[in-house]
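Structure first, commentary second.
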Amino acid sequence: MNSNNFYKAFLPWLVLLFLLVTDLFFSRESGWYFPNFFNTQSIPEWFGEFRFPRVLSAVFAGMALSISGLVLQTLFRNPLAGPYLTGITPGASFAIALLLLGVPAGIQHPVLQNLGITGAGMAGGILVLLLQLYIHKKRGGIFTLLLTGVMFGYLLSAGSEILQTLASAGQVKSFVMWGMGNFDRVKMEQLNWFLPLILFGIAWIYLLRFQLDAWIPGDMYAQNAGISVPKLRFKIILIAGILAGSTTALCGPIGFVGLAAPHLARILGNTGTHHKLMLPTMLWGAILCLAADILAHHLFKDITLNVNAICAIIGAPVVLYVLLRNKFGNQ
Numbered sequence: 050m051n052s053n054n055f056y057k058a059f060l061p062w063l064v065l066l067f068l069l070v071t072d073l074f075f076s077r078e079s080g081w082y083f084p085n086f087f088n089t090q091s092i093p094e095w096f097g098e099f100r101f102p103r104v105l106s107a108v109f110a111g112m113a114l115s116i117s118g119l120v121l122q123t124l125f126r127n128p129l130a131g132p133y134l135t136g137i138t139p140g141a142s143f144a145i146a147l148l149l150l151g152v153p154a155g156i157q158h159p160v161l162q163n164l165g166i167t168g169a170g171m172a173g174g175i176l177v178l179l180l181q182l183y184i185h186k187k188r189g190g191i192f193t194l195l196l197t198g199v200m201f202g203y204l205l206s207a208g209s210e211i212l213q214t215l216a217s218a219g220q221v222k223s224f225v226m227w228g229m230g231n232f233d234r235v236k237m238e239q240l241n242w243f244l245p246l247i248l249f250g251i252a253w254i255y256l257l258r259f260q261l262d263a264w265i266p267g268d269m270y271a272q273n274a275g276i277s278v279p280k281l282r283f284k285i286i287l288i289a290g291i292l293a294g295s296t297t298a299l300c301g302p303i304g305f306v307g308l309a310a311p312h313l314a315r316i317l318g319n320t321g322t323h324h325k326l327m328l329p330t331m332l333w334g335a336i337l338c339l340a341a342d343i344l345a346h347h348l349f350k351d352i353t354l355n356v357n358a359i360c361a362i363i364g365a366p367v368v369l370y371v372l373l374r375n376k377f378g379n380q
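According to the numbering used here, the residues represented by the sequence shown are 50 to 380, in order.
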């Protein structure tokens with residue numbers, strides 16, 4: 050391995066390690082703090098109850114969103130495909146709004162609430178993704194995906210706003226807090242069901258990596274290789290819905306990570322095959338979410354910013370780069 054390839058291979062690991070240590074052990078108020086993990090009694094409650102779940106959810110949310118973005122770009126054959134523009138995030142958000150705002154008394158039991166929100170997020174995301182895929186098949190193109198994605202976002206956001214006007218003040222507060230898109234509210238109890246779900250989805254995509262590589266040249270090539278394209282397409286839709294829908298349910302809507310991370314992995318890794326892209330894509334997804342979380346908590350004193358807003362600031366230049374690189378040719 051030459052020095053250039055060595056640098057590209059280990060750069061995301063080094064960046065991820067630095068951000069992990071910073072997000073876990075650095076505080077704006079008191080600076081660096083390293084608890085004694087060999088003496089569990091000395092570990093502060095705030096670290097185990099708040100800091101550790103927040104950082105862990107940021108890492109796995111970034112991995113889930115980025116890998117779903119990678120396979121969605123293959124599914125749509127469009128560099129702008131991601132959980133938001135393909136409709137998963139808006140669909141999941143609207144389905145969760147129906148659950149949180151449409152049920153008069155709400156769901157009080159924590160387990161049922163987590164299951165209901167997760168199921169609604171995945172179902173809503175998959176349904177809108179299927180509709181977006183249908184439109185894309187009728188009239189494909191980079192700008193078709195962009196415009197229909199924005200249209201779905203506005204339409205479903207309008208539906209959520211109508212539901213908010215009809216809901217009680219308590220329900221609206223709960224939904225607004227969820228919709229801010231942050232990792233602060235995640236508890237270890239929620240991670241107990243979130244992490245296995247994410248690991249299941251990632252493992253499933255890993256098993257499909259060579260089929261996805263064979264599908265890159267087109268449907269005919271994949272069929273000649275003995276791959277059932279309709280079955281593969283269905284699996285991708287299901288996995289992307291599970292990963293992005295469950296992440297949206299847990300953390301709220303987080304945009305641009307699923308779009309930006311695969312492109313960062315391609316640009317810095319000089320590869321386009323899935324079996325080589327999967328790991329760096331997940332690493333860059335985790336890096337983006339950790340960086341956004343650190344900036345959200347430390348950029349301004351006494352103010353915690355919206356992680357979704359930070360991700361948008363990071364991801365918007367990537368969208369512009371992709372558009373300029375395509376030279377507006379695929380319309």
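We treat Cβ as the ideally placed atom computed from N, Cα and C, and that holds for glycine.
Taking 8 Å as the cut-off, the Cβ atoms of residue 114 and residue 339 do not count as close.
Taking a C-beta distance under 8 Å as the contact criterion, residue 343 and residue 305 do not qualify as a contact pair. About 6 Å separates the CB atoms of residue 297 and residue 142; that is less than 8 Å, so the two are in contact. Listed in chain order, the non-local C-beta contacts of residue 337 below 7 Å within the same chain comprise 111, 306, 309, 310, 360, 363, local neighbours out to five positions each way being set aside. In the structure shown, the three-state DSSP call for residue 75 is strand. In the three-state scheme derived from DSSP, where H, G and I count as helix and E and B as strand, residue 303 is classed as coil. Assignment of alpha helix (DSSP H) within the segment 166-250, counting only whole runs of 4 or more residues, yields 191-215, 218-228 in chain order.
Comparing alpha carbon positions, the residue from 121, 198, 100, 117 closest to residue 140 is 198. Contact between residue 251 and residue 264 is absent: CB atoms are separated by about 19 Å, not below the 8 Å threshold.
Distance between residue 273 and residue 267, taken at the CA atoms: about 10 Å. Residues of the same chain with a CB within less than 7 Å of the CB of residue 235, apart from the 5 flanking positions on each side, are 102, 103, 106, 299, 300 in chain order. The segment 197-213 makes contact with the segment 126-136: 3 or more CB pairs, one atom from each, lie closer than 8 Å. Excluding its 5 nearest sequence neighbours in each direction, residue 262 has C-beta neighbours in its own chain below 7 Å: 322, 323, 324, listed in chain order. DSSP, reduced to helix, strand and coil, places residue 276 outside both helices and strands of the structure shown, so it counts as coil. Contact check for residue 149 against residue 220 passes: the beta carbons are separated by less than 8 Å. Within the segment 340-376, the runs of alpha helix (DSSP H) at least 4 residues long that lie entirely inside it are, in chain order, 356-374. Within the model, the alpha-carbon separation for residue 269 versus residue 193 is close to 24 Å.
Residue 151: member of the alpha helix (DSSP H) spanning 137-151, first to last residue. Comparing alpha carbon positions, the residue from 352, 327, 333, 316 closest to residue 370 is 316. The closest CA to that of residue 58, considering only 372, 346, 288, 328, is found on 328. In the DSSP annotation of this structure, the continuous segment of the alpha helix (DSSP H) that includes residue 101 starts and ends at 101-125. Nearest in C-alpha terms to residue 147, of all of 61, 134, 365, 168, is 168. Distances from the CA of residue 229 to each of 243, 283, 355 were compared; the closest alpha carbon is that of 355.
When rounded, the separation of the alpha-carbon atoms in residue 348 and residue 237 is 26 Å. Excluding the 5 residues flanking it on each side, residue 136 has same chain C-beta neighbours closer than 6 Å at 177, 178, 181, 201, in chain order. Nearest Cα to residue 258 within the set 66, 117, 109: 117. Closest in C-alpha terms to residue 72, from the list 213, 278, 346, 303, comes 346.
Separation of residue 244 and residue 335 (C-alpha to C-alpha, rounded to the nearest whole angstrom) is 14 Å.
Spanning the alpha carbons of residue 75 and residue 366 requires a straight line of approximately 28 Å. Shown here for residue 313: same chain residues with a beta carbon closer than 7 Å to its own, the five before and five after excluded, namely 333 in chain order.
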